[in-house]
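Chemist: The C-terminal position of the sequence shown is numbered 349 in our numbering, with every residue numbered one higher than the one before it. Here it is, the structure, as structure tokens.
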Amino acid sequence: MTSLDTVSVAVDGQQFHPEAFPLVYALQTDGASIEDTRNWIASERSRLIDELAVSGAILFRGFPVEGANDFDAFIRAFGLPSFTYQESLSNAVRVNRTELVFTANEAPPDFSIFLHHEMAQTPLFPSMLFFCCEHAPAKRGQTPLCRSDILLKQMQERVPEFVADCERLGVRYSNTMPGVDDPSSGLGRSWRSMLDTDDKQAAEARLTKLGYSFEWLEDDTLRATTPKLPAVRTLVDGRKVFFNQLIAAFRGWKDARNDPTKSIAFGDGSPIPVDSMQVAIDLADDLSFDLAWQTGDVALIDNFLVMHGRRPFEGQRRVLASLVADDGTRLVA
Ligand code: FE2
């Protein structure tokens, strides 16, 4: 087995809580192959996963990962259970490149994707995310990353009543889905794709089983409201996280079918205070680390601990993604 030399390096804007966020491993070995990389991951994986659970994000820089097939091999070396787009209730339009790898949200370049925990607006969410930069954009296009445990602590100082209401009441999300995929929208996935059926009765049966309420609207659109979901969760190590989709829904669930002011409510249907949401948004913005992509970068993100988003960009940007299924060991509530 070939062993690779890697070194922890600093990147602009890196944070220390006191652990580095993100952790960065830079490859020092010249001429390493993807096979060498797979062997290195296989021998280091348990340490890397442990470090991820503390820090929340690891950036792998300078590894020989060129395109979707290499990225697929990189992911497989971790031996983690995969979470497929097909079974997910995500609202983003995506295109699969390999069995495990798909394009990150296809939303237009000038569109911000605001901070969120992946699929926290649904009862089915991944535990980790892999991203791989296949082509870095000419300008901007960073992936902001925000530690959700630290955000929650700061919110407890600034808006304690809001945090208490989030914990006590939970949240519900509503959105209107088109009949066919609409790639012009960040939440343009059709109900046919999301619910994996063409049949309206089968769609209703799946939603009912998941605890959603729903209403068919004109133009073949479907408005669905989630069951009450927790807005704050507790990790097995005792840390509490602001694990929800409130910021992204409040700021960004806007298209021809959706009005963000109608996208979120507390679990009892009462309105979520706008001024408290603004405090959460400002704190999260201040806490964000911007991952400025270099072609070939791979990032591994703990979806329970860290929110992510996407800055607008110019030029071509191709970031691939893959999701890891939750094995049920990380959340206690
Ligand atoms: Fe996402």
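Cβ coordinates follow ideal geometry from the N, Cα and C atoms, glycine included. Please read all numbers here as calculations on a predicted model, not as lab measurements.
Is the beta carbon of residue 150 within less than 7 Å of some heavy atom of the ligand FE2?
Modeler: no
Chemist: Would you say the stretch 49-68 touches the stretch 284-296, given that touching needs at least three Cβ pairs under 8 Å?
Modeler: no
Chemist: Should residue 134 be listed as close to the ligand FE2, given that the test is whether its C-beta is under 7 Å from any heavy atom?
Modeler: yes
Chemist: Assign residue 301 to one of two classes, buried (16 or more other C-beta atoms within 10 Å of its C-beta) or exposed (fewer than that).
Modeler: That one is exposed.
Chemist: Measuring straight from C-alpha to C-alpha, what distance separates residue 6 and residue 341?
Modeler: The structure shown does not extend to residue 6, since the chain is modelled only from 17 through 349, so no value can be given for it.
Chemist: Using DSSP with H/G/I as helix, E/B as strand and the rest coil, what is residue 191?
Modeler: strand
Chemist: The beta strand (DSSP E) with residue 49 in it runs from where to where?
Modeler: Counting along the chain, residue 49 falls outside any beta strand (DSSP E), and DSSP gives it neither H nor E.
Chemist: What are the boundary residues of the beta strand (DSSP E) that residue 303 is part of?
Modeler: Note, residue 303: premise wrong, no beta strand (DSSP E); alpha helix (DSSP H) at 290-303.
Chemist: Go through its chain and collect everything with a Cβ distance to residue 109's Cβ below 6 Å, but skip five positions before and after it.
Modeler: 122, 197, 199, 204, 205
Chemist: What number of angstroms, rounded off, separates the C-alpha of residue 120 from the C-alpha of residue 130?
Modeler: 14 Å
Chemist: Cβ-heavy atom distance between residue 33 and the ligand FE2 below 7 Å?
Modeler: no
Chemist: Restricting to Cα atoms, I'd like to know which of 336, 317, 327 is closest to residue 133.
Modeler: 317
Chemist: Among 258, 242, 147, which has the Cα closest to the Cα of residue 248?
Modeler: 258
Chemist: Would you report the Cα separation of residue 261 and residue 50, rounded to the nearest angstrom?
Modeler: Note on geometry: alpha-carbon atoms of residue 261 and residue 50 lie some 35 Å from one another.
Chemist: Quick one: what's got a C-beta closer than 8 Å to residue 392's C-beta in the same chain, skipping five residues either side?
Modeler: Absent from the model: residue 392. The displayed extent of the chain is 17 to 349, so no value can be given.
Chemist: Could you tell me if residue 104 is buried or exposed, where buried requires 16 or more neighbouring beta carbons within 10 angstroms of its beta carbon?
Modeler: Label assigned to residue 104: buried.
Chemist: Return yes when the C-beta of residue 184 is under 7 Å from any heavy atom of the ligand HEM, and no when it is not.
Modeler: The model on display carries the ligand FE2 but not the ligand HEM.
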